[in-house]
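**Q** The structure under discussion is supplied below as structure tokens; questions concerning it will follow.
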Amino acid sequence: MIEIRWHGRGGQGAVTAAEILAHAAIGEGKYAQAFPSFGPERRGAPVLAFNRIDDKPIWVRSDVYEPDIVAVLDPSLLATVNVLEGLKPEGVVIVNTKESLDRVKATLNFQGKVAVVNATDIALEVLKLPIVNTAMIGAFVKATGVVRLESVVEAVVERFGKAGKLNAEAVRKAYEATVLG
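Numbered per the working numbering, the sequence shown finishes at 884, counting up by one with no gaps.
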């Protein structure tokens, strides 16, 4: 089973990203969960969302405490939240940032796989909004291969209706722009 934790701020789409990822996984015949964890937060407050994906039914119903993958939608969270908490040593961290891969690796001091993408610029360019969720899903696919790019594109188009085409473009651009190390 693959467990994923999304770190974002209210309004950035972390919960929607988890839902789209689950939809894409289910579309591939996998079992998946997507769920948020937040209290009375408001727009801009830190939020968490989680996924579990497996080839077998998933019976666990708790938050994800030891993720295989962490996705950080807002780079300011690196200074305020321990995004690596519980992350498996061989895990993957995906960060939305303008910083270089080497700089992020040094900041995180994490020995596992790190991926960076400037999802904010991609979202602003393509969507004209700083909502980075679909761009981050593209980075997620490039960094992990948990689901296929086309499965995510289909899930995004289905989820967003008329805006689906633009969001699919954000997914693809981020997939291409993601740097791994």
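The C-beta atom is built at its ideal place from N, Cα and C for all residues, glycine as well.
To the nearest angstrom, how far is the alpha carbon of Leu-781 from that of Gly-730?
**A** For the purposes of this step, residue 781 is taken as the residue at position 78 of the sequence shown. For the purposes of this step, residue 730 is taken as the residue at position 27 of the sequence shown. Taking the straight line from one Cα to the other gives about 32 angstroms.
**Q** Is it the case that the stretch 865–883 contacts the stretch 749–766, given that we only count it when at least three CB pairs across the two stretches are under 8 angstroms?
**A** Cβ pair count under 8 angstroms is below three, so no.
**Q** In terms of alpha-carbon separation, which member of Ala-727, Asp-757, Ala-846 and Val-718 lies closest to Phe-738?
**A** Taking the sequence shown and counting its residues from 1, one reaches residue 738 at position 35. Of Ala-727, Asp-757, Ala-846 and Val-718, the residue nearest in Cα terms is Val-718.
**Q** For Pro-760, which residues of its own chain have a beta-carbon under 6 angstroms away from its beta-carbon, when the five flanking residues on both sides are left out?
**A** Numbered from its first residue, the sequence shown carries residue 760 at position 57. These residues qualify, in order along the chain: Tyr-734.
**Q** What whole-angstrom Cβ distance do Val-844 and Val-835 have, given they're in contact under 8 angstroms?
**A** Against the sequence shown, residue 844 aligns to sequence position 141. Against the sequence shown, residue 835 aligns to sequence position 132. Contact doesn't hold; Cβ gap of about 15 angstroms is too wide.
**Q** Please state whether the Cβ-Cβ distance between Val-855 and Ala-727 is less than 8 angstroms.
**A** Looking up residue 855 in the sequence shown gives position 152. Looking up residue 727 in the sequence shown gives position 24. Against a cut-off of 8 angstroms, the Cβ pair of Ala-727 and Val-855 comes out as a contact.
**Q** Going by the beta-carbon positions, is the gap between Val-817 and Lys-876 smaller than 8 angstroms?
**A** One-based indexing of the sequence shown puts residue 817 at position 114. One-based indexing of the sequence shown puts residue 876 at position 173. Result no, Cβ atoms of Val-817 and Lys-876 do not sit closer than 8 angstroms.
**Q** Which runs of the beta strand (DSSP E), 3 residues or longer, sit entirely within the stretch 776–822?
**A** You should have 795–799 and 816–820.
**Q** Candidates Thr-810, Leu-804 and Ile-723: which alpha carbon is nearest Val-882's?
**A** The residue given as residue 882 occupies position 179 in the sequence shown. For the residues Thr-810, Leu-804 and Ile-723, the minimum Cα distance to Val-882 belongs to Leu-804.
**Q** Indicate the three-state DSSP secondary structure (helix, strand or coil) for Arg-755 in the structure shown.
**A** Here residue 755 refers to the residue found at position 52 of the sequence shown. Three-state DSSP puts Arg-755 in a strand.
**Q** Count the other CB atoms, across all protein chains shown, that sit within 10 Å of the CB of Arg-708; report buried if there are 16 or more and exposed otherwise.
**A** Locating residue 708 in the sequence shown gives position 5, where the first residue counts as 1. Arg-708 should be labelled buried.
**Q** Quick check: the Cα distance between Leu-811 and Leu-787, rounded to an integer number of angstroms?
**A** Mapped onto the sequence shown, residue 811 falls at position 108. Mapped onto the sequence shown, residue 787 falls at position 84. Distance between the alpha carbons of Leu-811 and Leu-787 is about 8 angstroms.
**Q** Helix, strand or coil for Glu-861 per DSSP?
**A** In the sequence shown, the residue the question calls residue 861 occupies position 158. Note: Glu-861 maps to helix in three-state DSSP.
**Q** Could you spell out the range, first to last residue, of the beta strand (DSSP E) harbouring Arg-875?
**A** Translated into the one-based positions of the sequence shown, residue 875 becomes position 172. Element bounds for Arg-875: not the beta strand (DSSP E) but the alpha helix (DSSP H), 867–880.
**Q** Which runs of the beta strand (DSSP E) spanning at least 3 residues fall entirely within the stretch 715–748, listed in chain order?
**A** For the stretch 715–748, whole beta strand (DSSP E) runs of length 3 or above, ordered along the chain, are 734–740.
**Q** Confirm the yes/no value for this check: CB of Leu-751, any heavy atom of the ligand PLP, distance under 7 angstroms.
**A** No copy of the ligand PLP occurs in the structure displayed, which carries no ligand at all.
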